[in-house]
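Asks: First the structure, which I've put down as structure tokens, then a few questions once you've had a look.
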Amino acid sequence: MMDSKWLWFMRMAVMSVLLLLEGCRWCTIDACVEHERVALLQLKPFFNHYNEFDSWDEVKGSDCCKWKGIECNTTTGRLIGLSLDSMRSGYLDYWYLNASLFLPFKELKRLYLTGSGIAGCVENEGFEKLSSTFRNLQFLDLSQNHLNDSFILSLSQFSSLQYLNLAYNLLEGKWPHIQGLNNLKILKTLDLRWNQMVNFQSFKDLDAFTNLQKLDMSGNQLRGFVVHKENKGLKKLKVLRLQSIVTDDSIPLENLVEAFSSELSNLEEINLDYSRLNINILQSIGVFTSLQTLSLYRCALIGSLPDHGWCDLRNLEVLDVSWNALEGMLPHCFSNLTSLRELDISNNRFSGNLTPLASLTSLRAISLSSNHFQIPISFVPLANFPNLEVLLADENKLEMEPSFHTLVPKFQLKFISLSKCRTSQQLSLELPTFLYYQNDLRFVDLSQNKFSGTVPFWLLENNTKLEDLILKGNSFTGPLTLLSTPNSNVSSIDMSDNKIQGPLPTNICSTFPHLEQLFLSKNAFQGNIPPCLSAMKNLSMLDLSNNQLAGKVPQELVRKSSLFLLRLSNNNLNGNVVPVILNANGLQKLYLDGNNFSGEMTNFDVSTFQFPTSLTDIDLSNNRLHGKLPRWIGNMSLLERLDLSNNGVEGSIPVEFCNLNNFKFLDLSENNLSGSIPSCFNPPNLEYVHLHNNRLGGPLSLAFNKSTSLVTLDLRGNNFTGGIPKWIDTLSSLSVLLLKANHLQGRIPVQLCTLYSLSIIDLSQNRFSGPIPSCLGNLTLPMNKDKTMTPDLMSPTFSELDELKLLKTGILFEHMMHSYSYMKESVEFTTKSGSYSYGGDILEYMSGIDLSCNELTGQIPLELGNLHEIHSLNLSHNKLVGVIPSSFSKLKQIESLDLSYNNLSGEIPNQLVELNSLGVFSVAHNNLSGSIPEQNQFGTFIESSYEGNPFLCGPMLHISCSKTGSTSTISDDEREDSFLDTYVFCVSFLASYVVMLLTIVVILYINPHWRGVWFSFVGKCISSCRYSTVGNLLGYYIFRRCV
């Protein structure tokens, strides 16, 4: 009986398990709900761009839960997550959404519509129709759209929302629109970054958000903001971000923070980056006792760190006060911050030692870069930090220690950067000894120091996980001796700008099989390029420039699909360059300048090659190429930069160049090109053109007239004729115009005056005539520094770090940028009696006008005195008349002023002594009079600055300007006698000359023999002297005009 009951029980148990398993098999749905799949396909036309929805199969019955951007409930198969982030092209117009299309998704919890270009909703089809259906919606992201305040009201009934992101829209914060959000009682995160919240008056407007934990209002303008001491809401707020906030001057941002001090006792993070703050905020912020993260990056803080307030934040884990103007020594109260894990005080003016940091043993990451700290090379103050993984100390002063002073540190670093450090001695340095004890390094940057010795490959041997090794700009010597065992983790090596010599080791490929970037430029490597480099599958950037490499470029190397950049500039490479170019199927940037490549680029059968479509940069300058420009270059549709300067290329510019619509940089200067520029050459993105010192000619046609992005137009030293075309004013971005030494004529067009970006104009050595346009004085000659003020190429702040890889990526980005900018812009301009090349930052600040060696007439316009930013002005060798304008005293930045070889009259204005920057000044060979100023800079100019003005006087010319003291004693009779003597002399001389001339004529008439001899002699003199005399006179005229 017991056995039968037990058997029955076992059967029932087995059946229950089977039923349970069968039920669970039906619990998981393999496919989505059909009507939701159909609804998704109806959304597809509004968002699909760049074929982002390839996985959205329209076949009936397909599983939409596996589609991109879709998340389904694994039990019911219903849609719970829909992500359409940035799936609509930014080039399309803003549009209005029909929110009813989302109605079928009744169980939706998360909806992401970031960057969709939505400007609102179709009338009566807005988000308010979804509120009764979307009862479970928790996350809604509508950032980076074009929404305004009226849209906010449609969100008021989504009471289940916990996360709402409306960043980067057009919200103005008008009441009662903001009040419409008050129904979102359980909202935890509200992101209103970078809107136009000029009407947001008070944080009391957010009192209803009693559960809010994170608030981000960065990038708004809180003008007219009212500070309330009591904010009953926001009691649970933990994160407050107010980056780049603009407030009224009467309400400093620190007052807003103080307004929260009594209520926000739970606040854990305050981020005020990019806001203008007073140093006093650090004294008052200590009341936020729960604070764990404080970020004041680029807040214009000036002065020393106070010794109270911020030091009371004993729970602080992350502190960032980088990129300010803080100075002085570190206060000792730093020792209170024992919980600190990440500290960034870089890019300030701190000095002294690191002793106050010695007790911060919890530190994981510290950045001391770009200060004036005196740091012992052993880093003794940080030796007892067992958790330290990241150490950044670039651009400080390393203090040398005795060689016997060794200390084994407790830390094991993963990331170290000690670039551009200073030392107290000029001799070379040995590497810090603490590096010998590191075995977990992933990133090492020791660049731009004076470290010497052999290449420290022991760093790779001791740290098998090392990925990036940067040793450029040191004094390492000897041959490149590699490890005997492979290291598969190394991805980037930079040893450029050292003194390493010998051949490139052939085992470099097997030693670093996964190498991605290799920079060995500016050394003394010899021999051939190792063929094995062609087999490195991951190699993307290779720079072997500025060495002594010889031979040919391996064609297999340029065929590599992974190679992005190849720079072999300034070596002794030779051969035909055409196969190298045509084999570069995956390469984007190819630099072969400064070698011995030769031959004609057109004398090659290109029919067997497939033209590379990936190349964007080609630099073949300073080689020995000759022949005509190849027409096949016009087939490279992506080409952006081409430099063939300083070769022997001849012929005309092919019309096929008109197909290169992506051109940004073209340099064909220093060749033998002739003919005219094709009128069809109008690349829309063209920025820099250098065609100087060729034999190009003809009038300036319609070439460039549609290149509105053109910044530099350099046509110097050619044979262009005609005038400057009137369409020049269409080049609205033009900054540098160089037309020197052509055959241009006519008047200087007033259209130049409308080019407000112009900073350098050189029209010298032409035949321009007429007056100088007075409107040139309206040019602002802007200093172009704003053009280069792009967002800083810096690492993420420590407060944003989740992984060490993010830090590495950020810092590597700036280091690698030099590899993307080899073809740098530079221009040549004559000033201070010499020709100078301007490039980089210097070009950004240079401004000048050179109209010398023309035929300009009239007076110098007074308006030229309005060119306050000009550094050089040359109006010499013209036919200008009148006086030197006293308005030139307003040229406060002028360094060179040349008005020589004109017909100017009057005195040198005394006001010019106010030009303290003036280094070169010349008014030679005019008709000036009066005394020469002697004050300030004018006391330094030499005699040649004033020569050729017979009525000028002063110590510089050794001519006294004082009137003579004795009165003339010559009587009227004596004056009359003197006049009579001169008269008698002239009459007698004339009579004698006539008698002698008549005698010669009579003799020649009477004697035929003498007459023939005389005429023969005169004929020979005329034929031999005529051309030499004319040539000498013409040469003297040109020399006088342009020297």
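Throughout the sequence shown, residue numbering follows mature numbering (1 follows the signal peptide of the UniProt record, and there is no 0), covering -26 to -1, 1 to 1017 in sequence. Heads up, the beta-carbon is just placed ideally off N, CA and C, and yes, glycines get one too. Quick caveat: nothing in here was measured; it's all calculated off a predicted structure.
Answer yes or no: do Asn621 and Asn646 have a C-beta to C-beta separation smaller than 7 angstroms?
Replies: Sequence index remark: in the sequence shown, residue 621 carries index 647 (1-based). Sequence index remark: in the sequence shown, residue 646 carries index 672 (1-based). In this structure, Asn646 does not lie closer than 7 angstroms to Asn621 by Cβ.
Asks: Would you mind listing the beta strand (DSSP E) stretches within the region 603 to 650 that are 3+ residues and don't spill past its ends, in chain order?
Replies: 615 to 617, 622 to 625, 639 to 641, 646 to 649
Asks: Please tell me whether Leu53 and Glu26 are closer than 7 angstroms, where the distance is taken between their beta carbons.
Replies: Within the sequence shown, residue 53 is the residue found at index 79, counting from 1. Within the sequence shown, residue 26 is the residue found at index 52, counting from 1. Not in contact: Leu53 and Glu26 (Cβ atoms no closer than 7 angstroms).
Asks: Report all residues from its chain with a CB closer than 6 angstroms to the CB of Val887; omit the five preceding and five following residues, and keep chain order.
Replies: Counted from its first residue, the sequence shown places residue 887 at position 913. These residues qualify, in order along the chain: Pro907, Gln909, Asn910, Phe912.
Asks: Excluding the 5 residues flanking Leu492 on each side, which residues of the same chain have their C-beta closer than 6 angstroms to its C-beta?
Replies: Here residue 492 refers to the residue found at position 518 of the sequence shown. Hits under 6 angstroms: Ile467, Leu516.
Asks: Would you list the one or two residues that DSSP bridges to Ile340?
Replies: To locate residue 340, count along the sequence shown from 1; it is residue 366. In DSSP, Ile340 forms a bridge with Leu317, Leu365.
Asks: Measuring alpha carbon to alpha carbon, tell me which residue in Thr695, Arg615, Ile702 is nearest Tyr662.
Replies: In the sequence shown, counting from the first residue as 1, residue 662 sits at position 688. Of the candidates Thr695, Arg615, Ile702, the one whose C-alpha sits nearest the C-alpha of Tyr662 is Arg615.
Asks: What would DSSP say about His306, mapped onto helix, strand or coil?
Replies: As a first step, residue 306 must be located in the sequence shown, where it is residue number 332. In this structure, His306 counts as helix in the three-state DSSP scheme.
Asks: Within its chain, find whatever has a CB closer than 8 angstroms to the CB of Thr335; leave out the 5 residues flanking it on each side and keep chain order.
Replies: The residue labelled residue 335 in the question sits at position 361 within the sequence shown. Cβ within range, chain order: Thr312, Asn358, Phe359, Pro360, Asn361.
Asks: Do Leu561 and Val580 have their C-beta atoms closer together than 7 angstroms?
Replies: As a first step, residue 561 must be located in the sequence shown, where it is residue number 587. As a first step, residue 580 must be located in the sequence shown, where it is residue number 606. Between Leu561 and Val580, the CB-CB gap reaches or exceeds 7 angstroms.
Asks: If you draw a straight line from the C-alpha of Asn900 to the C-alpha of Leu849, how long is it?
Replies: Position 926 of the sequence shown, counted from the start, is the residue given in the question as residue 900. Position 875 of the sequence shown, counted from the start, is the residue given in the question as residue 849. About 12 angstroms.
Asks: Taking only runs of the beta strand (DSSP E) that begin and end inside the region 700 to 767, which ones reach a length of at least 3 residues, in chain order?
Replies: 710 to 712, 717 to 720, 734 to 736, 741 to 744
Asks: Within a Cβ cutoff of 6 angstroms, which residues of the same chain sit near Leu713, ignoring the five residues on either side of it in sequence?
Replies: By one-based count along the sequence shown, residue 713 stands at place 739. Only Leu689, Leu737 meet the Cβ criterion.
Asks: What residue from Gln522, Arg167, Ile44 has the CA that sits closest to Asp190's CA?
Replies: Against the sequence shown, residue 190 aligns to sequence position 216. Ranking the options by Cα distance to Asp190, first place goes to Arg167.
Asks: Select from Ser896, Cys632, Leu304 the residue whose C-alpha is nearest the C-alpha of Asp872.
Replies: One-based indexing of the sequence shown puts residue 872 at position 898. Out of Ser896, Cys632, Leu304, Ser896 has the C-alpha closest to the C-alpha of Asp872.
Asks: Only counting the same chain, and skipping five residues up and downstream in sequence, which positions put a Cβ closer than 8 angstroms to that of Lys18?
Replies: Mapped onto the sequence shown, residue 18 falls at position 44. For Lys18, where only same-chain residues beyond five positions count, the Cβ hits under 8 angstroms are Phe27, Trp30.
Asks: Is Ser105 near Gln131, with beta carbons less than 7 angstroms apart?
Replies: Taking the sequence shown and counting its residues from 1, one reaches residue 105 at position 131. Taking the sequence shown and counting its residues from 1, one reaches residue 131 at position 157. Yes, the Cβ-Cβ distance between Ser105 and Gln131 is below 7 angstroms.
Asks: For Pro907, does the three-state DSSP call read helix, strand or coil?
Replies: In the sequence shown, counting from the first residue as 1, residue 907 sits at position 933. Coil, per DSSP.
Asks: Tell me the DSSP secondary structure of Ala509 in three-state form.
Replies: Within the sequence shown, numbered from 1, the residue matching residue 509 stands at position 535. The answer is helix: DSSP assigns Ala509 an H, G or I state.
Asks: Measure the alpha-carbon distance for Cys95 versus Lys42 and round it to whole angstroms.
Replies: What you label residue 95 is simply residue 121 of the sequence shown in a count that begins at 1. What you label residue 42 is simply residue 68 of the sequence shown in a count that begins at 1. Roughly 25 angstroms separates the two Cα atoms.
Asks: For the region 804 to 859, list the alpha helix (DSSP H) runs that are entirely contained and at least 4 residues long, ordered along the chain.
Replies: 814 to 819
Asks: Here's the rule: buried if 16 or more other CB atoms are within 10 angstroms of the residue's CB, otherwise exposed. What is Phe925?
Replies: Walking along the sequence shown from the start, residue 925 turns up at place 951. Burial call: exposed.
Asks: Work out the CA separation of Leu613 and Asn635 for me, nearest whole Å.
Replies: For the purposes of this step, residue 635 is taken as residue 661 along the sequence shown, with counting starting at 1. For the purposes of this step, residue 613 is taken as residue 639 along the sequence shown, with counting starting at 1. Each residue's Cα considered, the two are about 8 angstroms apart.
Asks: Could you round the C-beta distance between Phe499 and Gly476 to whole angstroms and report it? I think they count as a contact, below 8 angstroms.
Replies: Along the sequence shown, read from residue 1 onward, the residue named residue 499 stands at position 525. Along the sequence shown, read from residue 1 onward, the residue named residue 476 stands at position 502. The pair is a contact, with the Cβ atoms about 7 angstroms apart (cut-off 8 angstroms).
Asks: Tyr662 by DSSP, collapsed to three states: which one?
Replies: Stepping through the sequence shown from its first residue, residue 662 is reached at position 688. Correct three-state label for Tyr662: strand.
Asks: Between Tyr142 and Gln118, how many whole angstroms is the CB-CB distance? I'm expecting something under 8 angstroms.
Replies: By one-based count along the sequence shown, residue 142 stands at place 168. By one-based count along the sequence shown, residue 118 stands at place 144. With a Cβ gap of about 4 angstroms, Tyr142 and Gln118 count as contacting.
Asks: Beta-carbon within less than 7 angstroms of Gly608's beta-carbon, same chain only, minus the 5 sequence neighbours each way: which residues are those?
Replies: Sequence index remark: in the sequence shown, residue 608 carries index 634 (1-based). The residues are Pro628, Glu630, Phe631, Asn633, Leu634.
Asks: For Ala13, which of helix, strand or coil comes out of DSSP?
Replies: Walking along the sequence shown from the start, residue 13 turns up at place 39. Helix, per DSSP.
Asks: Could you check where the alpha helix (DSSP H) with Ser258 kicks off and where it finishes?
Replies: In the sequence shown, the residue the question calls residue 258 occupies position 284. Segment 255 to 258, the alpha helix (DSSP H) holding Ser258.
Asks: Do the CB positions of Leu128 and Glu102 come within less than 7 angstroms of each other?
Replies: Here residue 128 is taken as the residue at index 154 of the sequence shown, counted from 1. Here residue 102 is taken as the residue at index 128 of the sequence shown, counted from 1. Inspection of the sequence shows that residue 128 is occupied by Ser rather than by Leu. Yes, the pair counts as a contact, with Cβ atoms nearer than the cut-off.
Asks: Looking only at its chain, what residues have a beta carbon closer than 8 angstroms to the beta carbon of Ser903, apart from the 5 residues adjacent to it on each side?
Replies: One-based indexing of the sequence shown puts residue 903 at position 929. Hits under 8 angstroms: Ser879, Gly880, Glu881, Asn923, Phe925, Leu926.
Asks: For Asn72 versus Glu99, is the C-beta distance shorter than 7 angstroms?
Replies: Residue 72 sits at position 98 when you count from the first residue of the sequence shown. Residue 99 sits at position 125 when you count from the first residue of the sequence shown. Contact flag set, yes.
Asks: Whose C-alpha, out of Leu726, Lys162, Phe963, Ser192, is nearest the C-alpha of Gly207?
Replies: Translated into the one-based positions of the sequence shown, residue 207 becomes position 233. With distances taken between Cα atoms, Gly207 lies closest to Lys162.
Asks: Specify whether the region 272 to 283 and the region 291 to 307 touch according to this definition: at least 3 beta carbon pairs, one from each stretch, less than 8 angstroms apart.
Replies: The region 272 to 283 vs the region 291 to 307: in contact.
Asks: Classify Thr973: buried if its beta carbon has 16 or more other beta carbons within 10 angstroms, exposed otherwise.
Replies: If you number the sequence shown from 1, residue 973 lands on position 999. Classification of Thr973: exposed, given that the 10 Å Cβ count is below 16.
Asks: If you follow the beta strand (DSSP E) that Thr267 is in, where does it begin and where does it stop?
Replies: Your numbering for residue 267 matches position 293 in the sequence shown. From DSSP, the beta strand (DSSP E) with Thr267 extends over 267 to 269.
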